[in-house]
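Presented below is the structure to which this report refers.
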Amino acid sequence: MNRNIYFAGGCFWGTERVFKEIPGVVDTTVGYANGTVEYPSYEQVCRNETGHREAVRVVYDSDRLSLEKLTRAFFLVIDPTLENRQGNDIGTQYQTGIYYEDEQDLPVLTKVFEQQRAQHDEFHVELSPLSAFYDAEEYHQDYLDKNPGGYCHITNYELEEVRALFAAEAAEIGEEPKDELYASDETEEELFYRIGPSAYDVVRKAGTERAFSGEYDDFFEKGIYVDIVSGEPLFVSTDKYNSGCGWPAFTRPIGEEHVVYNRDTSFGMERVEVRSKGANSHLGHVFHDGPADRGGMRYCINSVALRFVPVDDMESEGYGDLVELVR
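If you want it as structure tokens, here you go:
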């Protein structure tokens with residue numbers, strides 16, 4: 007059954023981007039929620055003349071996605087302590103809030119709100135019925151799909167937390183992400199003897215190699231890094247940098263379609279785990295402390311989870327279509 011809920015999370019371009027990625031979301035529309043003026047224009051809203059919030063109408067399949075999980079995802083990408091502001095965007099239109107059509111949604115929303123409020127000394131997220139919603143102008147709809155490099159106040163790290171939230175749920179119900187092209191058909195015993203106990207401990211048991219001990223920590227030749235289990239391409243040498251952390255560090259994966267993210271709360275820490283999509287190999291973790299001029303991300307990866315393919319060998323090993331990424 008499809009249901010509607012409305013989220014105001016700052017600039018609606020970024021907020022829409024978040025919800026479009028969530029499994030079970032059927033449709034999204036950006037617009038102006040509540041306020042005092044009928045059919046406001048973007049210019050009116052930005053001049054703080056109307057009292058509207060930039061919001062996203064999220065249509066979701068309640069048989070596949072719970073309102074509680076959807077609301078928890080929302081709180082992963084906002085700062086609930088700020089009033090009339092998110093990120094660098096300041097104004098009443100950027101006030102955060104959730105607006106509902108059906109009173110039956112209120113108990114679930116209140117439960118999550120109270121849990122979130124208890125975690126903060128200040129809390130400024132609105133929760134109220136929807137009084138009106140006006141679709142924004144067409145150029146605002148799916149803005150970041152139309153303009154991939156466009157402004158987004160939500161960081162990649164926050165997006166990865168949302169992805170991890172739903173990836174973890176999929177794993178719990180036995181829906182492990184799998185890419186058939188790079189899925190390995192080796193038995194676990196065959197894999198163990200091929201890659202060795204150290205690598206097996208990392209890729210299959212989520213172990214970690216000792217800092218500064220890995221083959222690729224201080225290694226910067228041209229080529230690509232592939233999953234040692236399946237050969238799936240994961241990282242490019244041009245995205246590698248010396249972070250000083252003791253493990254190979256990259257600013258991004260070769261493509262988001264080759265990795266999956268999981269929330270990792272082991273050892274009393276809150277981290278985002280990175281795995282290969284095809285063989286589900288544990289690779290390492292991603293952190294939001296990388297070079298700011300290159301996206302701000304640090305993919306901290308175990309050397310033993312990777313195999314390096316030099317640029318001169320890429321064609322012969324079947325990676326010829328990726329050579330241009332290296333040169």
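In the working numbering, the protein residues as written are 7 to 333.
Heads up, the beta-carbon is just placed ideally off N, CA and C, and yes, glycines get one too.
Residue i and residue j look like a contact to me (Cβ under 8 Å); what is the Cβ gap, rounded to whole Å?
i: Ile-11; j: Leu-82; result: Incorrect: roughly 16 Å between the Cβ atoms, too far for contact.
i: Gly-15; j: Gln-92; result: 7 Å
i: Gly-301; j: Arg-258; result: 6 Å
i: Arg-53; j: Gly-103; result: In fact, because the Cβ distance is near 20 Å, the residues do not count as touching under 8 Å.
i: Thr-21; j: Gly-41; result: The Cβ separation is near 17 Å, so there is no contact.
i: Val-208; j: Asn-308; result: 5 Å
i: Val-24; j: Leu-240; result: With a Cβ gap of about 25 Å, Val-24 and Leu-240 do not count as contacting.
i: Tyr-106; j: Cys-17; result: 22 Å between Cβ atoms; not a contact.
i: Ile-234; j: Leu-312; result: 6 Å
i: Pro-86; j: Val-131; result: 5 Å
Quick check on residue i: buried or exposed, where buried means 16 or more other Cβ atoms within 10 Å of its Cβ?
i: Pro-135; result: exposed
i: Glu-215; result: buried
i: Tyr-199; result: exposed
i: Gly-180; result: Note that Gly-180 scores a pLDDT of 46, beneath 50, so its modelled location is shaky; the value from the coordinates is reported in the next line. Result: exposed.
i: Lys-152; result: exposed
i: Ser-249; result: buried
i: Lys-246; result: buried
i: Arg-123; result: exposed
i: Arg-334; result: Past the edges of the chain, shown from 7 to 333, lies residue 334, and the structure says nothing about it.
i: Phe-1; result: Absent from the model: residue 1. The displayed extent of the chain is 7 to 333, so no value can be given.
i: Phe-13; result: buried
i: Thr-271; result: exposed
i: Thr-35; result: buried
Tell me which same chain residues have a C-beta within less than 6 Å of the C-beta of residue i, skipping the five on either side of it?
i: Ala-177; result: Residue placement at Ala-177 cannot be trusted, given a pLDDT of 49 that sits under 50; what the coordinates show is reported in the next sentence. Closer than 6 Å at the Cβ level, and outside the excluded window around Ala-177, lies no residue.
i: Gly-274; result: none
i: Asp-33; result: Val-65
i: Phe-119; result: Leu-133
i: Leu-112; result: none
i: Asp-148; result: none
i: Glu-167; result: Leu-82
i: Glu-323; result: Val-315
i: Ala-129; result: The residue you asked about is not Ala; residue 129 is Phe in the sequence shown. Pro-86 and Arg-123.
Cβ atoms of residue j and residue i: under 8 Å apart, would you say?
i: Trp-253; j: Gly-220; result: yes
i: Asp-95; j: His-146; result: no
i: Glu-279; j: His-291; result: yes
i: Leu-115; j: Leu-88; result: no
i: Phe-172; j: Ile-84; result: no
i: Asp-67; j: Asn-8; result: yes
i: Phe-314; j: Tyr-206; result: no
i: Thr-98; j: Asn-90; result: yes
i: Tyr-6; j: Arg-333; result: Only positions 7 to 333 of the chain appear in this structure, which leaves residue 6 out of reach.
i: Trp-19; j: Gly-156; result: yes
i: Ala-305; j: Ala-255; result: Contrary to the premise, residue 305 reads as Tyr rather than Ala in this sequence. It is a contact, given that the beta carbons lie within the stated cut-off.
i: Tyr-48; j: Glu-144; result: no
i: Glu-335; j: Pro-316; result: Nothing in the structure corresponds to residue 335, since the chain is present only between 7 and 333.
i: Ser-204; j: Val-310; result: yes
Which residues bound the alpha helix (DSSP H) around residue i?
i: Val-62; result: Note, Val-62: premise wrong, no alpha helix (DSSP H); beta strand (DSSP E) at 59–67.
i: Asp-233; result: Element bounds for Asp-233: not the alpha helix (DSSP H) but the beta strand (DSSP E), 229–233.
i: Cys-52; result: 48–52
i: Gly-20; result: 18–26
i: Phe-129; result: Segment: none, Phe-129 is in no alpha helix (DSSP H) and carries neither H nor E.
i: Leu-82; result: 73–82
i: Ser-204; result: 203–211
i: Leu-289; result: Per DSSP, Leu-289 belongs to no alpha helix (DSSP H); it is in the beta strand (DSSP E), 288–293.
i: Asp-151; result: 149–152
Less than 8 Å between C-beta atoms, sequence neighbours within five positions excluded: which residues of the same chain meet that for residue i?
i: Leu-331; result: Ile-230, Val-242, Thr-244 and Ile-260
i: Lys-184; result: Reliability fails at Lys-184, whose pLDDT of 41 lies under 50, so the model's placement of it is uncertain and no value is given.
i: Val-51; result: Tyr-38, Gly-41, His-58, Glu-60 and Gln-99
i: Leu-328; result: Ile-230, Pro-239, Val-242, Ile-260 and Met-320
i: Glu-109; result: Pro-135
i: His-126; result: Pro-86 and Thr-87
What does a CB cutoff of less than 7 Å around residue i pick up in its chain, not counting 5 residues either side in sequence?
i: Tyr-3; result: Only positions 7 to 333 of the chain appear in the structure, and residue 3 is not among them; the question remains open.
i: Ala-217; result: Gly-252 and Trp-253
i: Gly-213; result: Asp-207
i: His-264; result: Glu-238, Pro-239, Leu-240, Ser-282 and Lys-283
i: Ser-137; result: Asn-40
i: Asp-318; result: none
i: His-294; result: Thr-161, Tyr-163, Gly-302 and Met-303
Can you tell me where the beta strand (DSSP E) with residue i in it begins and where it stops?
i: Ser-134; result: 132–135
i: Ile-260; result: Counting along the chain, Ile-260 falls outside any beta strand (DSSP E), and DSSP gives it neither H nor E.
i: Leu-312; result: 312–316
i: Phe-119; result: Where Phe-119 is concerned, there is no enclosing beta strand (DSSP E), although the alpha helix (DSSP H) it sits in stretches over 112–123.
i: Leu-240; result: 239–242
i: Glu-279; result: 277–282
i: Val-329; result: Counting along the chain, Val-329 falls outside any beta strand (DSSP E), though it belongs to the alpha helix (DSSP H) covering 329–332.
i: Val-266; result: 265–270
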